[in-house]
Structure formats: structure tokens, C-alpha cells
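One structure below.
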Amino acid sequence: MRTGEPLPAVGDVLAALATGLWHWDTASGLVTVDAEAARLLGLPAEQVTLTEAQVRARLHPVDWNEITGVVQLAVAEGTLAEVRIRIMDERGRVVRVVRSRSKPAFDPVKRAYELTGTLQEVTEPAPGTPAAHNAVTGDWRRSREAFLLDAGRALAEARSTAEVLRVAAGLSMPGFSPDGLAVFGVEGDRLTIIGHHGQRPGDEGPFAQMALSTDYPAAEVVRTGRAVYLSSPAQYKERYPLTWPLAQRFNRQSWAFLPLTVAGRTMGAWMAAFTYPVAFTPDERSVLTTVARMLAQALSRAGAAETERELTDGLQRSMLPQLGEGIPGMGIAARYVPTGGGLQVGGDWYDMIPLPNGRFALVIGDVQGHDVRAAGLMGQLRIALRAYAAEGHRPDAVLSRASRFFYGITHGDDDLAALRFATCLYVEVDPATGTVETARAGHLDPAVRMPDGTVMLRATAGGLPLGIDPDSDYPTTRLALEPGETLLLCTDGLVETGGHDLDSGWRRIRAVLEDHCGGDLEGLADALVGAVHGPSSHHTTGPLADRREDDIALLLLRRQDEGRGPGGAAVRPRVRRTMLTVAQAEPEQVATGRQQLRDLLHDWSSSDQVDSAVLLVSEMLTNVLVHTDADALLVAEVTGEPGARRLRVEVTDAGDDLPHVRRPGELASSGRGLVLIELLADSWGVAPRGEGKSIWFELTEA
Numbered sequence: 022m023r024t025g026e027p028l029p030a031v032g033d034v035l036a037a038l039a040t041g042l043w044h045w046d047t048a049s050g051l052v053t054v055d056a057e058a059a060r061l062l063g064l065p066a067e068q069v070t071l072t073e074a075q076v077r078a079r080l081h082p083v084d085w086n087e088i089t090g091v092v093q094l095a096v097a098e099g100t101l102a103e104v105r106i107r108i109m110d111e112r113g114r115v116v117r118v119v120r121s122r123s124k125p126a127f128d129p130v131k132r133a134y135e136l137t138g139t140l141q142e143v144t145e146p147a148p149g150t151p152a153a154h155n156a157v158t159g160d161w162r163r164s165r166e167a168f169l170l171d172a173g174r175a176l177a178e179a180r181s182t183a184e185v186l187r188v189a190a191g192l193s194m195p196g197f198s199p200d201g202l203a204v205f206g207v208e209g210d211r212l213t214i215i216g217h218h219g220q221r222p223g224d225e226g227p228f229a230q231m232a233l234s235t236d237y238p239a240a241e242v243v244r245t246g247r248a249v250y251l252s253s254p255a256q257y258k259e260r261y262p263l264t265w266p267l268a269q270r271f272n273r274q275s276w277a278f279l280p281l282t283v284a285g286r287t288m289g290a291w292m293a294a295f296t297y298p299v300a301f302t303p304d305e306r307s308v309l310t311t312v313a314r315m316l317a318q319a320l321s322r323a324g325a326a327e328t329e330r331e332l333t334d335g336l337q338r339s340m341l342p343q344l345g346e347g348i349p350g351m352g353i354a355a356r357y358v359p360t361g362g363g364l365q366v367g368g369d370w371y372d373m374i375p376l377p378n379g380r381f382a383l384v385i386g387d388v389q390g391h392d393v394r395a396a397g398l399m400g401q402l403r404i405a406l407r408a409y410a411a412e413g414h415r416p417d418a419v420l421s422r423a424s425r426f427f428y429g430i431t432h433g434d435d436d437l438a439a440l441r442f443a444t445c446l447y448v449e450v451d452p453a454t455g456t457v458e459t460a461r462a463g464h465l466d467p468a469v470r471m472p473d474g475t476v477m478l479r480a481t482a483g484g485l486p487l488g489i490d491p492d493s494d495y496p497t498t499r500l501a502l503e504p505g506e507t508l509l510l511c512t513d514g515l516v517e518t519g520g521h522d523l524d525s526g527w528r529r530i531r532a533v534l535e536d537h538c539g540g541d542l543e544g545l546a547d548a549l550v551g552a553v554h555g556p557s558s559h560h561t562t563g564p565l566a567d568r569r570e571d572d573i574a575l576l577l578l579r580r581q582d583e584g585r586g587p588g589g590a591a592v593r594p595r596v597r598r599t600m601l602t603v604a605q606a607e608p609e610q611v612a613t614g615r616q617q618l619r620d621l622l623h624d625w626s627s628s629d630q631v632d633s634a635v636l637l638v639s640e641m642l643t644n645v646l647v648h649t650d651a652d653a654l655l656v657a658e659v660t661g662e663p664g665a666r667r668l669r670v671e672v673t674d675a676g677d678d679l680p681h682v683r684r685p686g687e688l689a690s691s692g693r694g695l696v697l698i699e700l701l702a703d704s705w706g707v708a709p710r711g712e713g714k715s716i717w718f719e720l721t722e723a
């Protein structure tokens, strides 16, 4: 072209440079290409308008996904979008590699992209030749960096060897993704297959237990710690003729074997195999090397975590009992959930102990701390409790001896940090009668779920936690488990986990107990744990800011209901009952009696009647404590069907003086108890007993 002549048309220049032109509008979903671009896509050399699906069918699926990310990144950075694309034929083979450069624009109204760009073929080195330095676009480098960040995050989050292998199999490397993967480990002087992907099950057989001295790429990598890159089958056959027949049947074209190195030690090898030729340029080798390092770290972490879990499981199996076949006439279920940190073994435990008198004992407790020492102390305390129980001691004697034992093993030196205490609830159950005798050492009170869903905390007498005072006293409390009732014993982790205190946490657990339908104890146990650790727990956090986490242990004991309806369904019970002893030295138990009565009447139709009943119970219990030297026994019972039920409350004491109705003066400080009963109760009375007397009243549901 001479000076002064007009410049040739842009289309002619592009055609002379073997560069195609294309236009893509994501709003319409159409891509227009000129003749040269159509040829590069493997279509007839003529201008044509294609749908996105037609274009996508010609591109490698990994590259199509990469284009979307590159376009968004280019718009955000205000730069050109550059990407290398593999063009595929109808049989899925790569026919050429092209480079696309475009300037994307984003329409915020249509929320669509519009791109106009060029396509130009990229010449790759011939398979098996030394890799030349190919120009790599800036967008490819950005894609590589994004890929490595995503891969590193995914591998770091994998918690087991199986998860690491799944992540490795799903990695989509920018521009060259392997279709076959294998991870080799080392046992002694032999290779092992940790996992593989892209091969059929059983194909790994010839490579498993292969001697490290074998002329095989992975064995050489483990021996030398250096990577091996094979760009073609001819190169593989030339370097490893003895093991080439093993690899030939997989019809791969290129292989990369890289060492898995952690802390300077080669722990295995990673194979990435490709069905198309790969030159393994410096950039590609850099990506593979980085992935191999991250994979080695992830496998090392996963192996350590699995070893830790095996240790945890072993400790847990040795320290927690098997419930066996159960107890005649009783159903039982248990759960232990360790805290999320450390060895996942702590001081919580439960146990079921057969007793010489034909009864059995349930024990649940919590040794202070969440470390290995707490777990060790828990194991010793559990064994001591079993020994004392097997000797036939009563619940109070068992806990007294256990407290002295625990004090001895935790106060052996002057190290204040070594001092520990433990809470414990010991329950002796007679399966024939449902009688339950409890002794409590600083632990949570048990709860009872009645067959109709009523849930009540059973107040029990208690003493100091074990290990604080070797001479502590642990009084016993007798309860009666009615047919169909379920006894819940748990540690504070079930109540307080998730930022709850004892009050708000108990309301959460109580709601689960009340709402659970059916007689499946295992399902109820799962529901209780799910309320604390399940998805819903993230939306029901407690009022405390620290979200205290703790181990969880729980035991459920149900006395079977022999009265069954048609089809085996439980008959709705007609009796609801609670009992409470109020000692002279425990006037605070009057408040417990009021709360138990409210729990018993939780679904009573008239709130005024509930308030009246609570007032009368408070008066009756207080009168016993004030006017006698005896303890008071409260028995409250609800009978009948909802809407027409009858409440009967009876307070019994050992005093001989019968109460009489008086008409107190305006300034009198006493004498109004029976007047209130006469005004508020539907019926009432006083009955002498062989020893003492009882006063009772009844209310009919309004």
C-alpha cells in the first residue's frame, strides 16, 4: 500500500490476520459471527446468527463457565475481557484453541451484557515437545487466581479424607481440567490408593500395593519428591515401558504426577490425567503444583482429624455404657453429644446399673471441664459409682461415698487448678411399682412428661456437688412414675447451650417435650438434641451474649402403659398427679408447690380457678409449717376429661390438732386459711389419720 492511499476496510484487515469478529447480546440471547469467526467455531465460513445454546455446544463446558466470570470481572474493572477457549467437535474432541478479546458493556435497565470482540486461533506446542512460553492473557491469570482461592477455601473446609477427594474431583482448573484423578499414599515400602475419580471401581487394582521400587511415575515421585509431567503417550511409553500397558487402557493423552509434601516429607503422590494433549506450560505447572500443595495439606489435616475422631470414639465407647436390651416394663433411651471443640470428649456421662435387689439405677452427671482430665475423672467417678451401687447401698449412701472418693482424687496436691467438682443425679427405680428414689448432688432436677403432654419439674432434695465437702449429706426423695409417664434426666448442656440460661433453656426443652407425639423414645431423644443442635437452634438463641457451648447427656425412662386402645394406641389418661414433701427446714419448698400446681393445671380453662388453687395450696402448706412441728405432704390430682375435670388437693401432716374455722377480727394476723378454702373451693374437708391428719379441697373446671 502506497502513501496517501485509503486504508483497507476493517473486515479485510481482520480476514488477512485470520481474526474473526463476533457480537453477543445477552438480552436477546443471540450471537452474531462473521465468516472467519464461524470457521474458527467449526462452522461453515459464512456470517451467521446463533443462539447461546448453539455457541455453547461448540465450546468446552469449563471454558463457557469461565467466560461468564471473565465478562463480569471485566465490567467491574473497566478492562478488556480476554479468555482462551477450547473449540470442540461433535465427538467432544478439542479441535483448536482460540483467544477471545472483547469490550463488554452492561445495561442496568435490561440487566444484560452486550459484547463485541474478536476470535483468533492460538498455536499450541505439539504434544510431547518442550513447552514453549505461550502468551497468557491477563484474564486467564485472574481466572487462575480466583480458581486457586476457591480451591484453597474448599479444601480447607473439608473435614475428612472422603470430603477432600470429592473436592479434588470437582476442581475445574482454568483452561485445562483433568478427567482422571488418583491420590496415592505410602505404607511402608508400597504405594496405596487413597482415592480416585474418573475411573471405574476396581480399575485401581493393579496400582494398589505397588512396590516403591516399581518403574511407575507415582512411585518415582514418592522416591524423589520431584514432579513428573508426561505430555503424550509416546513420552509415557519411552520413560516407563514396564508400566505403560497399565496406563494404556485408559486412553489418556497427558499425565501429571506431583508429590504431596507436608513439612518437607513426601506423604504420597497426586495424578492428574487428561484425554487431550497438554503441553504443561510454566503457568499450568504452577497451577498444578499449587493445587498439589493444598491437597497435601488438606489430606494431612483430614488424616489428623480422623485419627482424633477415632480416639474420641474409642474413649466415648469405653466410658459410656451400652443400654442393652432394656428393662422389663420400662423403655429407655440415651444420648451423648460432645462439645464442638478439642477432642470432643468432656466430663458429661450417663450410666444404667443393675442392682442386687432386682431394681436398677440411672446415673447422670457432669465433671467440671471439657478437657482430657475431665474425661479421665469422669471415667474414674463412673466406675466408683458402679462399685458402690453394686454393693447394695441406698442412693444417699452411694453419693456420700462417691463425694468422698472424688474429693480424694482431686485434692491430692496443692495445685488449685487441679481441683474439680462434679454434679450428679442418682435415681433408683423399681420397675415393678414405678417407685423412683433420687439423690442429687448439685445437679438439675428431673422432669416428668405425662402421657397427655403435661411436663413438670420434680423438685428433689439435694446436697453439694461431689468433691467439695467429703462429709456432704445427700437426702433422698421418693417419686412415683405412673404408667405412660416419661422421666427426663439431663446435664445443663441440654438446657443452656445456645446462649440460654436455665429459665429460658428449660422453656425451650419443655416445648419439645409437650409437642412430641407418639411413644417413640428414640424420636423424643432426637427431637431434644435437635432443638439444641439442629437448624432451628440458630433461630432460637437465648438472651445471653456468649452462646455458651457445653457437652450434652440425657436419659429418658418411660414406664410402659399397659392400657392400650384399638390398634395399640395409648389410651388418653384420665388422671394427672403430682406429689411434694415440704419439710420444716425447707419453707422455700412452698414456692415449689405453687409452681408444681400451676404446671399441673397448665391447660385448665379458668385462670381464676388456677389462681385460687395456688392461693389455697400456699395457705395449707404454710399452716402446717407454722402450727405444727411436722413435715407436709402435698398430693394434687386432676381427673376427668378436659372441660369437665376435677382437681383434688390434699395436704397431710403428722400433727394431731385438727384445724377449725374461725372468724378472725379485722386486725388478726391468722385464722383466715379455712375461711378462704370455704369461699373458694367447691368442697373441702378435714380427715384425721392414724398418725396426723389431712385437709383437702376440690375444684370443678368451670
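Residue numbers (my numbering): 22 to 723.
Don't be surprised by glycine CBs; every beta carbon is placed ideally from N, CA and C.
{"Item": "Assigned exposure category for residue 644 - 16 Cβ within 10 Å defines buried", "Value": "buried"}
{"Item": "Segment contact flag, the stretch 286 to 300 with the stretch 268 to 275, C-beta cutoff 8 Å, min 3 pairs", "Value": "yes"}
{"Item": "Selection from 375, 188, 657 and 653 that minimises the alpha carbon distance to residue 674", "Value": "653"}
{"Item": "Within 7 Å, strictly: CB atoms of residue 459 and residue 498", "Value": "yes"}
{"Item": "Cα-Cα separation, residue 496 to residue 403", "Value": "20 Å"}
{"Item": "Three CB pairs or more closer than 8 Å across the stretch 418 to 428 and the stretch 463 to 475", "Value": "no"}
{"Item": "DSSP three-state assignment for residue 489, whether helix, strand or coil", "Value": "coil"}
{"Item": "Residues near residue 232 by beta carbon distance below 7 Å, same chain, minus five either side", "Value": "210 and 211"}
{"Item": "Cβ neighbours of residue 157 in the same chain (closer than 6 Å, five flanking residues each side left out)", "Value": "Residue placement at residue 157 is flagged as unreliable, the pLDDT there being 44, under the threshold of 50; the coordinate-derived value follows with that caveat. For residue 157, where only same-chain residues beyond five positions count, the Cβ hits under 6 Å are 304."}
{"Item": "Residue burial classification, residue 508 (beta-carbon count within 10 angstroms, cutoff 16)", "Value": "buried"}
{"Item": "DSSP three-state assignment for residue 318, whether helix, strand or coil", "Value": "helix"}
{"Item": "Extent of the continuous beta strand (DSSP E) run through residue 250", "Value": "249 to 251"}
{"Item": "Neighbourhood of residue 237 by C-beta distance below 7 Å, restricted to the same chain and skipping five residues each side", "Value": "231, 261 and 264"}
{"Item": "C-beta atoms of residue 100 and residue 122 nearer than 7 Å", "Value": "no"}
{"Item": "Straight-line gap, residue 327 to residue 83 (C-alpha atoms, nearest Å)", "Value": "33 Å"}
{"Item": "Candidates 506, 552 and 483: closest to residue 580 by CA position", "Value": "506"}
{"Item": "For residue 251 and residue 150, the rounded distance between their alpha carbons", "Value": "Here the model assigns residue 150 a pLDDT of 41, short of 50, so the residue's position is not dependable, and the following value carries that caveat. Whole-angstrom Cα-Cα distance: 10 Å."}
{"Item": "Test item: CB-CB of residue 442 and residue 389 under 7 Å", "Value": "yes"}
{"Item": "Min CB distance residue 272 to chain B below 7 Å", "Value": "The chain inventory of the structure shown lacks chain B, comprising one protein chain alone."}
{"Item": "Per DSSP, cross-strand counterpart(s) of residue 103", "Value": "122"}
{"Item": "From 527, 444 and 480, residue whose alpha carbon lies closest to that of residue 490", "Value": "444"}
{"Item": "Residue from 60, 316 and 563 with nearest C-alpha to residue 183", "Value": "316"}
{"Item": "Nearest residue (CA-CA) to residue 104, options 120, 603 and 89", "Value": "120"}
{"Item": "C-beta contact flag for residue 618 and residue 657 at 7 Å", "Value": "yes"}
{"Item": "Buried versus exposed, by CB contacts within 10 Å (16 or more), residue 226", "Value": "exposed"}
{"Item": "Inside the stretch 167 to 246 only - beta strand (DSSP E) runs reaching at least 3 residues", "Value": "201 to 208 and 211 to 218"}
{"Item": "At least three beta-carbon pairs within less than 8 Å, the stretch 593 to 610 to the stretch 630 to 648", "Value": "yes"}
{"Item": "Simplified DSSP state of residue 428, which is helix, strand or coil", "Value": "helix"}
{"Item": "Limits of the beta strand (DSSP E) - the one that residue 388 falls within", "Value": "381 to 388"}
{"Item": "Within the stretch 435 to 520, ranges of the alpha helix (DSSP H) (whole runs, at least 4 residues)", "Value": "513 to 517"}
{"Item": "Residue(s) in a DSSP beta bridge with residue 141", "Value": "40 and 120"}
{"Item": "Contacts around residue 613, its chain only, beta-carbon distance under 7 Å, and the 5 residues preceding and following it disregarded", "Value": "480 and 601"}
{"Item": "Pick from 482, 92, 214 and 137 that is closest to residue 610, judged by C-alpha positions", "Value": "482"}
{"Item": "Span separating the alpha-carbon of residue 181 from that of residue 359", "Value": "18 Å"}
{"Item": "Boundaries (first-last residue) of the beta strand (DSSP E) holding residue 132", "Value": "Residue 132 -> no beta strand (DSSP E), and no H or E assigned at all."}
{"Item": "Distance, residue 204 Cα to residue 216 Cα", "Value": "5 Å"}
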